Amino acid sequence: FTASRQFRIRSNDVVVDGTTKVDSFTLVADTGKVTVRGAIDARAAYGGGITIIGGNGLTMESSADLKAGATTDLGGGRVLLDAGEGRLDVQGGSIDVAGGEGGKLRFRARQVAGPDYVAVDALAAIITGARSKVLEGVKVYENITTVDAALRDAATVAADAFIGNTAAVTARLNGAGGVTLMSGIEI
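In structure tokens, the structure reads:
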């Protein structure tokens, strides 16, 4: 059980505590909130992977320690922290995706209340070894029955408006630790 562990919790909140050692770790809470306060060590030769999705939010506490880096000079780790329909609150802790090629870190939360606000309370983790650190603000289009040029054009305008507010979004997050802002679209 050291290669991969995947958990899908259909309802209720989940707390990740203690220590887990595995090359690839995935946790999805469909409708609950995920709180990470323990250690996940997913380091692997060419980089490991950690994916945590909280359907109703995700909190990473200051005691959390996520390691997904490469243990050789090749590769780099990948970490995805997705708050689903809730809020993303990275209060502290550490995220290590180091490797010879550098790793990738993606935070994902919904755009709310206009193109200048994303459902993120804090991005305060100590991040090591990332060549790419992205905060994806996702605009969700619900109850769509037809995907056409008008919807495509509206989504493009909304995406451009969100990116146009990069300074406001990152200022609210105290600079967001050098994270690049990206617009996401869900139809």
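Numbering (the numbering used here), first residue to last: 73 to 259. Cβ atoms here follow ideal geometry from the backbone N, Cα and C, with glycine treated the same way. Everything numeric in this text was worked out from a predicted model, so none of it was measured.
Here the alpha carbons of residue 107 and residue 97 stand approximately 15 Å from one another. Residue environment for residue 179: buried (at least 16 other C-beta atoms within 10 angstroms of its C-beta). The C-beta separation of residue 165 from residue 140 comes to about 13 Å, leaving the pair out of contact by the 8 Å criterion. Following the DSSP letters along the chain, one finds residue 233 inside the alpha helix (DSSP H) bounded by residues 221-236.
The alpha-carbon of residue 169 is positioned some 11 Å away from that of residue 152. The distance from the Cβ of residue 172 to that of residue 129 is about 34 Å, inconsistent with a contact at the 8 Å cut-off. Residues of the same chain with a CB within less than 7 Å of the CB of residue 117, apart from the 5 flanking positions on each side, are 142, 143, 144 in chain order. Looking at the backbone, the Cα of residue 136 and that of residue 119 are separated by about 19 Å. Assigned with DSSP and collapsed to three states, residue 212 falls in strand.
For the set 86, 111, 203, the Cα lying nearest the Cα of residue 150 is the one of 203. If you check the CB distance, residue 210 and residue 258 come in under 7 Å. Assignment of residue 149 by DSSP, reduced to helix, strand and coil, places it in the coil class. Secondary structure of residue 246 (DSSP, three-state): helix. The shortest CA-to-CA distance from residue 201 to any of 186, 207, 138 is the one to 138. In the DSSP annotation of this structure, the continuous segment of the beta strand (DSSP E) that includes residue 91 starts and ends at 91-93. Residues of the same chain with a CB within less than 6 Å of the CB of residue 93, apart from the 5 flanking positions on each side, are 113 in chain order.
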